[in-house]
Structures are given as structure tokens and as C-alpha cells.
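So the protein sequences, as listed, match chains A and B. Sequential numbering of the first sequence, starting at 6, is according to the numbering used here. Sequential numbering of the second sequence, starting at 10, is according to the numbering used here.
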Amino acid sequence: MKEELNQKISQFLDNELHYDEALDLLQKMRSDTSLAQKMGRFEAISHAMKSDQFITLGADFSAKIAAQLEHEPIYLLPSKKPMNRGYQWLALAASLAVVSVVAVRSLPHIYGTAPASLQVAQQQPPKALPNSPVEAKKPNPEEQPLNARINDYLQAHNGSVYVNNPNLQSMTRVTTYNQK
Amino acid sequence: MIVVKWFFLILPVFLTVTVSAENALPTNTKARPAWQAVDGKQALAKMAHAMQTLNYQGTVAFLRDGKLEPMKYSHAANRGREQEHLLSLNSPLREVVRETGEVSCLYKATQQLVIDQRPFERSFLIDMPNDINQLDAAYGIEMVGEENVAMLPAYVIAIKPKDNLRYARKVWLGRQWFLPLKVVVYDLEGAVLEELVFTELDVKDALPFIDMKPLADGALPSQKSPSGSSAQAAFVMAAIPKGFKEVFFDRKPMHESEQPVDHLLLSDGLASVSVYMEHKNSAQPLVNNDTNGVQSVDAVNFFSHSLGDFQLTVMGEVPSETIRLIADNAKLRVR
Numbered sequence: 006m007k008e009e010l011n012q013k014i015s016q017f018l019d020n021e022l023h024y025d026e027a028l029d030l031l032q033k034m035r036s037d038t039s040l041a042q043k044m045g046r047f048e049a050i051s052h053a054m055k056s057d058q059f060i061t062l063g064a065d066f067s068a069k070i071a072a073q074l075e076h077e078p079i080y081l082l083p084s085k086k087p088m089n090r091g092y093q094w095l096a097l098a099a100s101l102a103v104v105s106v107v108a109v110r111s112l113p114h115i116y117g118t119a120p121a122s123l124q125v126a127q128q129q130p131p132k133a134l135p136n137s138p139v140e141a142k143k144p145n146p147e148e149q150p151l152n153a154r155i156n157d158y159l160q161a162h163n164g165s166v167y168v169n170n171p172n173l174q175s176m177t178r179v180t181t182y183n184q185k
Numbered sequence: 010m011i012v013v014k015w016f017f018l019i020l021p022v023f024l025t026v027t028v029s030a031e032n033a034l035p036t037n038t039k040a041r042p043a044w045q046a047v048d049g050k051q052a053l054a055k056m057a058h059a060m061q062t063l064n065y066q067g068t069v070a071f072l073r074d075g076k077l078e079p080m081k082y083s084h085a086a087n088r089g090r091e092q093e094h095l096l097s098l099n100s101p102l103r104e105v106v107r108e109t110g111e112v113s114c115l116y117k118a119t120q121q122l123v124i125d126q127r128p129f130e131r132s133f134l135i136d137m138p139n140d141i142n143q144l145d146a147a148y149g150i151e152m153v154g155e156e157n158v159a160m161l162p163a164y165v166i167a168i169k170p171k172d173n174l175r176y177a178r179k180v181w182l183g184r185q186w187f188l189p190l191k192v193v194v195y196d197l198e199g200a201v202l203e204e205l206v207f208t209e210l211d212v213k214d215a216l217p218f219i220d221m222k223p224l225a226d227g228a229l230p231s232q233k234s235p236s237g238s239s240a241q242a243a244f245v246m247a248a249i250p251k252g253f254k255e256v257f258f259d260r261k262p263m264h265e266s267e268q269p270v271d272h273l274l275l276s277d278g279l280a281s282v283s284v285y286m287e288h289k290n291s292a293q294p295l296v297n298n299d300t301n302g303v304q305s306v307d308a309v310n311f312f313s314h315s316l317g318d319f320q321l322t323v324m325g326e327v328p329s330e331t332i333r334l335i336a337d338n339a340k341l342r343v344r
């Protein structure tokens with residue numbers, strides 16, 4: 006019986022013992038400390054034979070480790086869980102929103118407005134209106150003198166003559182109206 | 010957890026709406042110039058009020074048809090009394106005063122004083138109607154930017170005609186006092202027709218009123234006559250362009266003779282057109298009676314032709330087409 010146990014311990018250390026027998030052996034070790042110590046010795050011998058190194062451990066080594074583990078503080082840290090499927094959709098929606106923000110900012114013409122170019126355009130002189138039937142000729146080199154009647158009319162029409170037209174006689178030019 | 014879930018649900022919607030609003034609405038106050046928050050029409054209304062109530066003076070340059078006329082300008086206001094004063098800096102030296110519808114011009118060299126009744130005008134700078142809404146029929150008003158004029162920050166307001174029967178304008182309005190610092194009139198091609206610009210402008214608590222009197226006996230008699238009704242005119246207007254209306258009528262001698270002349274003034278709030286009619290006078294040669302020509306003096310276009318025994322003349326700071334349109338619609342009154 007003793008020889009049989011020794012053989013099972015040896016097979017267990019060499020990982021050759023069947024699962025059911027290994028479980029039975031471990032249960033016996035829990036109740037028989039001498040058996041556990043024997044397996045410790047066998048393991049040490051096996052390790053020494055394989056590595057040529059051997060460190061002698063005290064008989065109470067495993068008991069001390071077990072005692073220290075019992076006094077070790079316990080931290081209740083959250084375990085990492087796989088992402089909820091709902092959050093995956095939220096993350097996708099947020100990403101789409103960011104993409105839309107960037108796209109809208111970089112493509113303002115989608116909305117028909119381009120503020121920068123609009124301001125520039127607004128500072129340009131007004132665009133020419135469609136061609137009128139009136140075609141103003143270039144100033145005639147032979148300017149006609151205004152008669153006194155037109156001078157009087159001009160003065161009556163607009164007070165700016167006192168500002169702009171102190172000498173009306175020299176400021177006449179002629180344009181021609183082309184009737185359709 | 011529910012709060013976090015709702016936050017992530019609302020965040021993308023909020024961001025999308027916010028950015029869309031920024032781009033779709035240029036009038037949004039965020040990250041846009043301050044002038045965009047000012048309404049052009051309201052600014053012009055403030056200008057009209059400021060021009061009437063403030064005391065201000067400066068140097069203004071009038072530019073018309075390539076000619077520059079720099080003048081000292083002042084406007085005095087006190088308890089409802091207003092007076093404009095202009096003093097030319099170049100020859101011919103003259104001093105002009107406008108008060109209560111009367112313009113007095115004193116020519117320094119001859120000490121001749123000309124007194125003219127002009128109840129239909131208010132300012133040498135820019136004439137605005139009492140009710141700014143009157144411009145709506147013919148013009149669109151738009152705030153288009155901000156620039157500096159005479160070292161003063163100014164709003165730029167575009168007054169754009171809705172048809173080709175009148176000219177576009179731009180007004181540079183001082184941001185602090187809402188006084189006009191620069192006014193430009195553009196022709197139909199966008200070229201500058203007239204321009205006035207202040208090189209300096211100061212607002213004062215008070216300014217003196219000028220009492221203009223000739224030093225010698227050179228005063229011409231004032232041609233005072235009450236404004237009459239156009240029903241007296243020898244002509245009727247079959248139609249007038251949209252936005253224009255009759256603002257003044259007078260019948261008085263204008264020339265050296267005593268022959269009366271009918272004068273009807275039409276205005277769309279900014280542009281004005283005068284229609285004159287008088288009996289043909291052999292002593293006065295007809296103007297272009299044998300042609301259909303529209304002539305011009307600076308920015309003023311005019312057209313004259315005979316109508317029965319009368320000579321009709323239409324003139325104004327409007328395109329030639331408008332002049333002819335009005336002239337063609339002036340008919341002899343049937344009595």
C-alpha cells in the first residue's frame with residue numbers, strides 16, 4: 006500500500022497519473038499531512054535531479070505562506086466586463102456626430118453661404134444693372150455751352166449747384182438717347 | 010447609468026444642430042462682426058435723426074465728374090432750429106447757408122448774395138425722407154460692412170435700387186454718432202457718379218448760427234413764393250415711375266423775363282426729378298428741340314422738347330431712361 010502510494014505520488018509529479026486517481030490522491034493529502042510532506046520531498050528530489058539545484062525548505066514553509074495569505078488585505082476592484090452592445094451603438098452615434106461637425110464646417114457651401122467670400126463680395130461696388138436702352142457716349146470734345154434757361158433750371162432743381170457747379174458754363178457734355 | 014445613456018444620445022443631435030445653425034444663419038451673433046447685428050434701415054433712420062439734432066463740423070470734399078470741391082461744413086442745432094453752413098476753400102470763394110428751406114449763397118469776390126427758396130431739401134450731404142419706409146418701394150437697404158473714414162469707424166450701408174430707373178448709393182455712417190462720413194452715388198455700370206467724404210468731423214455741444222448779410226448792396230431779391238398745387242400746372246403726369254411722387258410745385262419767373270415757369274419736383278425719397286414747362290419764347294432758343302437727345306451736366310441728365318406752345322424740360326440725378334420716361338408721360342393739361 007505504501008509502495009503503491011509512493012508510485013502514485015511519483016506518477017502525479019510526472020503528470021502521468023490519471024485524473025480520477027490524482028484527485029483521490031490530493032484528497033488523501035488533505036487529511037494525511039505526512040503524505041503531503043512526502044510529495045514535497047519527492048518533488049524536491051525530482052527538481053534537484055532535473056536542475057542540479059536544491060534549496061531545503063522548512064517543514065512549515067507552506068503553512069507560513071498560507072497564514073500570510075490569510076492576512077493579506079482584500080481589494081474589491083471592479084472586474085473588466087465586455088462592452089455592452091448598447092454602448093457600442095452610442096459610441097458609433099457620437100463618432101458620426103463628430104464627423105458631421107467636421108464635414109459641415111469644411112463644406113459651408115452646402116448651406117449656400119460662404120461668410121468670408123460674402124463679405125468680400127459685399128464690399129465690391131454694386132453690380133451693373135441690365136443694359137438700358139440709353140447709351141451714354143463718351144464726352145464730346147466739342148462741348149456745347151448750356152443756355153441760360155438750363156442754368157436756371159439746374160439751380161432750381163438742386164441746391165448742390167452751390168457746391169458743385171460754381172461755373173456751369175464749362176461743365177456740359179452731351180449724351181444721346183437711342184429710342185427703340 | 011440612464012443619465013450617461015441619454016447624454017450620449019443627445020450629444021450628437023445637439024452638435025449637429027448647433028453647427029448647422031452656425032452655417033445656415035450668417036446673422037448668428039456668435040463669431041461674427043458686430044456690424045452684422047445692426048439693421049441698415051434702422052441705422053439710416055438714426056442717421057436722419059442725428060443729422061437734424063447734433064452740432065457738428067468738419068471738412069468735406071465733394072467729388073463730382075472728376076472735380077473736387079473741398080469745403081468747411083458745419084451744422085448747428087438748438088431747440089428745433091437748424092442751420093447748415095458751407096464755406097468753400099477754393100475759388101470761386103463763397104459761403105452758403107441753409108435754414109428753414111432757404112439757401113443763401115454769398116459770393117465773396119462780388120459780395121453778391123443769392124437767396125433761394127428750397128423747402129423740399131434738407132441737407133447738402135444727403136437728403137433722406139421723413140419716413141425711411143418710403144424707400145422700400147424702390148430701394149433695398151443692406152448693411153454690408155465696416156470701414157474707417159476720416160480715422161473714424163463707420164458702418165457701410167448699401168442702398169440698392171430695385172429697378173434700373175435710379176442709381177445705387179452707399180453711405181458710410183459713423184459708428185459713434187451715426188452721422189454720414191461718406192456718401193457715394195453709382196451709375197448703372199457701377200462707376201462713381203458723385204461722392205462726398207469728410208476728412209475730419211467733430212461733434213460739439215453747441216455751434217454758432219451764421220447771420221449772412223452782404224457787405225455791399227449786392228443782394229438779389231429773394232424769390233419767395235409759397236409752394237402751390239400741381240393742379241395749377243399747364244401739364245399733367247399721365248404716369249410716373251414706381252416709387253416717385255410729387256413733392257413740390259411752384260410757378261414763378263426764373264429767367265430775366267417775367268415769364269412764369271411751372272416747376273414740378275418728383276422724388277422717390279433719394280433721387281429727385283424736376284419737370285419744367287414754360288411758353289415758347291422766341292428770345293430763348295429751344296434746347297435740342299429737333300433731336301431726341303438726353304443731355305447731361307455732371308450727374309444730372311436732362312431732356313427738353315416742345316409740347317404744343319410750351320417747352321417741356323425734365324432733369325434729375327437719374328438714368329437717361331427715367332428722364333425720357335417722365336418726359337413722355339408729361340401731357341398738356343386739357344382745360
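Backbone N, C-alpha and C define an ideal beta-carbon position, used for all residues, glycine too. In this text the structure is predicted, and so the values were computed from the model without any measurement.
- B:Lys251 sits in coil when the DSSP states are folded into three classes, being neither helix nor strand.
- Put simply, the CB of B:Ser239 is far from chain A, with every gap to its CB atoms at 8 Å or more.
- Its chain contains Lys251 and Gly252 as the residues whose beta carbon lies nearer than 7 Å to that of B:Ala146, once the 5 sequence neighbours on both sides are disregarded; these appear in chain order.
- With fewer than 16 other Cβ atoms inside 10 Å of its own Cβ, A:His23 counts as exposed.
- In the three-state reduction of the DSSP assignment, A:Ser51 falls in the helix class, which pools H, G and I.
- About 5 Å separates the Cβ atoms of B:Leu190 and B:Trp181, confirming a contact at the 8 Å cut-off.
- The C-beta separation of B:Gly67 from B:Glu267 comes to about 42 Å, leaving the pair out of contact by the 8 Å criterion.
- When secondary structure is reduced to three states using DSSP, A:Tyr158 falls in the helix class.
- Taking the Cα of B:Tyr164 as reference, the smallest distance to any Cα among B:Glu155, B:Ser305 and B:Asp172 is reached at B:Glu155.
- Residue-level contact check: B:Val309 touches chain A, since one or more beta carbons of chain A fall below 8 Å from its beta carbon.
- Only exposed fits A:Phe66, as fewer than 16 other CB atoms lie within 10 angstroms of its CB.
- By the neighbour-count criterion, in which a residue is buried when 16 or more other Cβ atoms sit within 10 angstroms of its Cβ, B:Ile150 is buried.
- For B:Asp337, the closest alpha carbon among the candidates B:Glu108, B:Leu144, B:Lys169 and B:Ser313 is that of B:Ser313.
- According to the DSSP assignment, A:Tyr24 belongs to the alpha helix (DSSP H) that extends over Tyr24 to Ser36.
- Taking all protein chains in view, the Cβ of B:Arg88 is surrounded by fewer than 16 other Cβ atoms within 10 Å, so the residue is classified as exposed.
- A Cβ-Cβ distance of about 6 Å is found for the pair B:Ile335 and B:Val282, placing them in contact under the 8 Å criterion.
- Residue-level contact check: A:His162 touches chain B, since one or more beta carbons of chain B fall below 8 Å from its beta carbon.
- Under the 8 Å criterion on CB atoms, B:Phe71 is classed as interfacial with respect to chain A.
- Against chain A, the CB of B:Ser283 has a partner CB under 8 Å away; the residue lies at that interface.
- Counting only the Cα atoms, B:Tyr65 lies some 5 Å from B:His84.
- By the 16-neighbour rule on beta-carbons within 10 angstroms, B:Tyr285 is buried.
- A straight-line Cα-Cα distance of about 31 Å links B:Phe207 and B:Lys254.
- For B:Ala85, the enclosing beta strand (DSSP E) stretches over residues Lys76 to Asn87.
- About 11 Å separates the beta carbon of B:Glu287 from that of B:Phe244, a gap too long to meet the 8 Å contact definition.
- Excluding residues up to 5 positions away in sequence, Ile168 and Pro170 lie with their Cβ nearer than 6 Å to the Cβ of B:Tyr148 in the same chain.
- Put simply, the backbone Cα of B:Ala215 is about 12 Å away from that of B:Arg90.
- Counting along the chain, B:Arg131 sits inside no alpha helix (DSSP H), nor does DSSP assign it H or E at all.
- Taking all protein chains in view, the Cβ of A:Trp94 is surrounded by fewer than 16 other Cβ atoms within 10 Å, so the residue is classified as exposed.
- Under the Cβ criterion of 8 Å, A:Ile155 is counted among the residues facing chain B.
- Counting other Cβ atoms within 10 Å of its Cβ, B:Val323 reaches 16 or more and is therefore classed as buried.
- Counting only the Cα atoms, A:Ala27 lies some 9 Å from A:Asn20.
- Going by beta carbons, B:Trp186 and B:Leu63 fall inside the 8 Å limit.
- Comparing alpha carbon positions, the residue from B:Gly317, B:Leu341, B:Val309 and B:Ser315 closest to B:Arg175 is B:Val309.
- As DSSP reads the structure, B:Met324 sits in a beta bridge with B:Ser283 and B:Phe311.
- Cβ neighbours of B:Leu102 within its own chain (closer than 7 Å, five residues either side excluded): Lys117 and Ala118.
- Less than 8 Å divides the Cβ of B:Ile332 from the Cβ of B:Val303.
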